Amino acid sequence: MAERVQKVLSQWGIASRRKAETMILAGRVSINGHIAKLGDRVELTQDILQVDGQQVQQTHRPQLLYLLLHKPVGVVSTCDDPQKRPTVIDLLPPELSQGSGIHPVGRLDFASSGALILTNDGELTLGLTHPRYHLPKTYLVKLNRSFNRKDLICWRTGVILEQRKTLPAKVKLVKSDRTGKTLEIVLTEGRNRQIRRVAQQLGYEVIELHRVAIGSITLNIPNGSKLSPSKYRHLKKTELNFLRDSFNPQLPKLTAQPGSAVYD
Numbered sequence: 032m033a034e035r036v037q038k039v040l041s042q043w044g045i046a047s048r049r050k051a052e053t054m055i056l057a058g059r060v061s062i063n064g065h066i067a068k069l070g071d072r073v074e075l076t077q078d079i080l081q082v083d084g085q086q087v088q089q090t091h092r093p094q095l096l097y098l099l100l101h102k103p104v105g106v107v108s109t110c111d112d113p114q115k116r117p118t119v120i121d122l123l124p125p126e127l128s129q130g131s132g133i134h135p136v137g138r139l140d141f142a143s144s145g146a147l148i149l150t151n152d153g154e155l156t157l158g159l160t161h162p163r164y165h166l167p168k169t170y171l172v173k174l175n176r177s178f179n180r181k182d183l184i185c186w187r188t189g190v191i192l193e194q195r196k197t198l199p200a201k202v203k204l205v206k207s208d209r210t211g212k213t214l215e216i217v218l219t220e221g222r223n224r225q226i227r228r229v230a231q232q233l234g235y236e237v238i239e240l241h242r243v244a245i246g247s248i249t250l251n252i253p254n255g256s257k258l259s260p261s262k263y264r265h266l267k268k269t270e271l272n273f274l275r276d277s278f279n280p281q282l283p284k285l286t287a288q289p290g291s292a293v294y295d
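Going by this note's numbering, the sequence shown opens with residue 32, and the numbers climb by one from there.
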């Protein structure tokens, strides 16, 4: 079945979809000898797809990877950065980062830390980032001053950002923090810098922002400890099935472990 060129390039580990679109616009991709355009479709069993003059063949498709990374502060959630800052891809060993097409699913901003999924599965990426799906994500947020109950109710019910109200959120004070500055927030949408912008609108400044979970997937590892910053692990079969179920319950369940348990 013919599929969009950028999807094929992502699935075959050539580039993330966003980077593939840039490559297409730059004229680096051709189909049957003609420069490809955004929206073009290709079927590798019938068409000749080339990138920089090199043919993409079905045998080139890399093994699908599904990783959970503990992103540290000071690293960008992209495959490359024009400002030459370290990226999440730089934290991976060459056997995972080179030629695999692996990329982050969604983002954590430069000053934030925590759980981030990386994969080269274009279908999973599209499903998890599509606006119609609302996978809950849990954050610990430290503010510059104590949070009051009125603002707590306001954040829970929704705040207007760019003329559109945010979806209801679960927001509660962390009991172990007697200063009243730390919140646990569960969001089901992912607007750009949403937590920082809502906090600012309510009159607070975010001092620390850490994502502790994506749905039921946490930074825990089998030995009972947690992933250290900059470390990663392969997703477990149950975790991957959970993600697939979150956007398409009709997908067949995985019966085999998708990767080996590598932690650093």
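Note that CB positions come from ideal geometry on N, CA and C, so glycine has one too.
Nothing here was measured: the structure is a model prediction, and the numbers come from that model.
| Query | Result |
| --- | --- |
| Residue 214 beta carbon less than 8 Å from that of residue 202 | yes |
| Bounding residues of the beta strand (DSSP E) (the contiguous stretch that carries residue 148) | 144-150 |
| Cβ neighbours of residue 179 in the same chain (closer than 7 Å, five flanking residues each side left out) | none |
| Element boundaries [beta strand (DSSP E), containing residue 61] | 60-62 |
| Length of the line joining the Cα atoms of residue 55 and residue 129 | 20 Å |
| Span separating the alpha-carbon of residue 48 from that of residue 229 | 30 Å |
| In chain order, each beta strand (DSSP E) run of at least 3 residues that lies wholly inside the region 102-181 | 144-150 and 168-174 |
| Which residues DSSP lists as bridging residue 74, in chain order | Looking at the DSSP assignment, residue 74 forms no beta bridge with any residue, so it has no partner. |
| Sequence-distant residues of its chain with Cβ nearer than 7 Å to residue 175 (five each side left out) | 235, 236 and 238 |
| Collapsed DSSP secondary structure at residue 306 in the structure displayed | The structure shown does not extend to residue 306, since the chain spans only 32 to 295, so no value can be given for it. |
| CA nearest to the CA of residue 33, picked from 60, 51 and 72 | 72 |
| Nearest-angstrom Cα separation, counted from residue 195 out to residue 188 | 13 Å |
| Beta-carbon proximity check, residue 248 vs residue 142, cutoff 8 Å | no |
| Local conformation of residue 229 per DSSP, three classes | helix |
| Whole-Å CB distance - residue 159 paired with residue 278, under 8 Å assumed | 6 Å |
| Buried versus exposed call for residue 151 [16 or more other C-beta atoms within 10 Å across all chains shown] | buried |
| Local conformation of residue 37 per DSSP, three classes | helix |
| Strand pairing of residue 191, partner residues [DSSP] | 196 |
| Alpha-carbon to alpha-carbon, residue 136 and residue 79 | 29 Å |
| Paired residues, beta bridge with residue 244 - DSSP | 169 and 249 |
| Contact belief for residue 212 with residue 181 at Cβ below 8 Å, rounded distance in angstroms | That pair is no contact at about 16 Å. |
| Residue 216, DSSP secondary structure in three states | strand |
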